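Counting from 1, position 57 in the sequence shown corresponds to residue 73 in our numbering; the numbering is continuous, with no gaps. Encoded as structure tokens, the structure appears first; notes follow it.
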Amino acid sequence: MNDADRGATRQRLRVKSGNVVEIDLYSDAQIAEWDAADRLEDGERERIVGAVTGPGQRPAEPPYS
Numbered sequence: 017m018n019d020a021d022r023g024a025t026r027q028r029l030r031v032k033s034g035n036v037v038e039i040d041l042y043s044d045a046q047i048a049e050w051d052a053a054d055r056l057e058d059g060e061r062e063r064i065v066g067a068v069t070g071p072g073q074r075p076a077e078p079p080y081s
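Written out as structure tokens, the structure reads:
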């Protein structure tokens, strides 16, 4: 007699690979400090945008102010 004849159900366990990553939490003050340190002057921003997109392109607006 096989499993189907007995009404048994077969269940399988599938194991998938995964990653474990460390998560850090940062305060609003820490993020604001990093934002202030990362500000570019207008000339520097234009130079970078020109190098990437070509001369005369308008730089993208920052995602936040």
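Backbone N, C-alpha and C define an ideal beta-carbon position, used for all residues, glycine too. Quick caveat: nothing in here was measured; it's all calculated off a predicted structure.
Which residues bound the alpha helix (DSSP H) around THR69?
Here residue 69 corresponds to residue number 53 of the sequence shown, with the count starting at 1. Residues 58-69.
How big is the Cα-Cα spacing for ARG28 and TYR42?
Indexing the sequence shown from 1 puts residue 28 at position 12. Indexing the sequence shown from 1 puts residue 42 at position 26. Cα-Cα distance, rounded: 41 angstroms.
CA-CA distance, ASP58 and ALA45?
Position 42 of the sequence shown holds residue 58. Position 29 of the sequence shown holds residue 45. Roughly 25 angstroms between the two C-alpha positions.
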